[in-house]
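Quick note on full-length UniProt numbering: the sequence shown kicks off at 1 and runs consecutively.
Even for Gly, the Cβ is constructed at its ideal location relative to N, Cα and C.
Heads up, the thing below is written out as structure tokens.
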Amino acid sequence: MKAVFITGGNRGIGLETARQMGKLGYHVIISARKEEDAKKAVADLFHDGLKVDYVIMDTEDTAAVEKAAAEVSKLVNGVLDALINNAGCACPCGDKNTANLEDMRKCFEVNVIGTANVTNHFLEMVKKAPAGRIVNVSSIMGSFATTFIGFEYAPYTISKAALNMYTVKLAAALKDTNVKVNCGHPGWVKTEMGGPNAELEVTEGAETSVYLATLPADGPTGGYFHKKDSLPW
1 MKAVFITGGN RGIGLETARQ MGKLGYHVII SARKEEDAKK AVADLFHDGL KVDYVIMDTE
61 DTAAVEKAAA EVSKLVNGVL DALINNAGCA CPCGDKNTAN LEDMRKCFEV NVIGTANVTN
121 HFLEMVKKAP AGRIVNVSSI MGSFATTFIG FEYAPYTISK AALNMYTVKL AAALKDTNVK
181 VNCGHPGWVK TEMGGPNAEL EVTEGAETSV YLATLPADGP TGGYFHKKDS LPW
């Protein structure tokens, strides 16, 4: 059975991604920062007939990431077919022309450094898979072509642009391996982060991650996608 590890898989897009990957026959392991949140998600998925494992992990805490990696390695016998870096944060809106440095640090810690931290500790497991896949959940707000977003969103948008560059660099570094690395924009989704007025249901929001995590051998690497469509950097 193929295995997938999904950070922040206890709610929203991450939870729905876990559901869809489980229905595809994957052994799903999710992470959450709090055990009660993880157990609630596992119970939710159990009602759909899915058995899901979990680990407790804060992506900013290297010791916790190391422990989680060891636990996941035991669950999957050292081989992980897909890593979905779904955990992220969107800082509160700031001033229209002054960057809030604390918000910027927080967004970078979670959206960029946290993703790199997890990937560093799980990469060897992914490399051992016949067709390893790494998915970094980004946003169209990190695209240089997205000009309608105001400066008040600078911490979030800049961190997602940096995540996109990290994706490109990692894909290039792994180009001679069996691992494909891509980033994806889920869309504006009705979640706690996206709000009730968002355009997409969470089922659609998970489609991009699922697509990129299950790419065929001739699929892309180092790309930026929404569903199956390539996005401008």
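{"query": "Contact belief for residue 30 with residue 54 at Cβ below 8 Å, rounded distance in angstroms", "result": "5 Å"}
{"query": "Status (buried if at least 16 other CB within 10 Å, exposed otherwise) for residue 46", "result": "exposed"}
{"query": "Inter-stretch contact (C-beta, 8 Å, three-pair minimum) for the segment 114–126 and the segment 198–217", "result": "no"}
{"query": "Touching by the beta-carbon criterion (3+ pairs, under 8 Å), the segment 21–29 and the segment 70–81", "result": "yes"}
{"query": "Expected contact under 8 Å - CB spacing of residue 154 and residue 80 to nearest Å", "result": "Contact flag wrong, Cβ pair sits at about 34 Å."}
{"query": "Proximity below 8 Å, CB of residue 22 to CB of residue 50", "result": "yes"}
{"query": "For residue 122: DSSP bridge partner residues", "result": "Its beta-bridge partners do not exist; DSSP assigns none."}
{"query": "CA-to-CA distance, residue 98 to residue 123, given in whole angstroms", "result": "37 Å"}
{"query": "Unbroken beta strand (DSSP E) run spanning residue 133, endpoints", "result": "133–137"}
{"query": "Distance, residue 41 Cα to residue 284 Cα", "result": "Residue 284 lies beyond the residue range present for the chain, which begins at 1 and ends at 233; the question has no answer from this structure."}
{"query": "DSSP bridge partner residues for residue 183 (one or two, in chain order)", "result": "136 and 224"}
{"query": "Host beta strand (DSSP E) of residue 85 (start-end)", "result": "82–85"}
{"query": "Start-to-end residues for the beta strand (DSSP E) that takes in residue 31", "result": "27–32"}
{"query": "Sheet register partners of residue 56 (DSSP bridge)", "result": "32"}
{"query": "Cβ pair residue 177, residue 127 closer than 8 Å", "result": "yes"}
{"query": "Nonlocal neighbours in the same chain, by C-beta distance under 7 Å from residue 35, ignoring five residues either side", "result": "56"}
{"query": "Assumed close pair residue 202, residue 191 - CB separation to whole angstroms, cut-off 8 Å", "result": "6 Å"}
{"query": "Inter-residue Cα distance where the pair is residue 227 and residue 174", "result": "23 Å"}
{"query": "Own chain partners of residue 76 with C-beta closer than 6 Å, once the 5 adjacent residues on each side are dropped", "result": "3"}
{"query": "Supposed contact pair residue 110 and residue 60 - C-beta distance, whole angstroms, cut 8 Å", "result": "7 Å"}
{"query": "Alpha-carbon spacing of residue 148 relative to residue 231, whole angstroms", "result": "16 Å"}
{"query": "Extent of the continuous beta strand (DSSP E) to which residue 6 belongs", "result": "3–6"}
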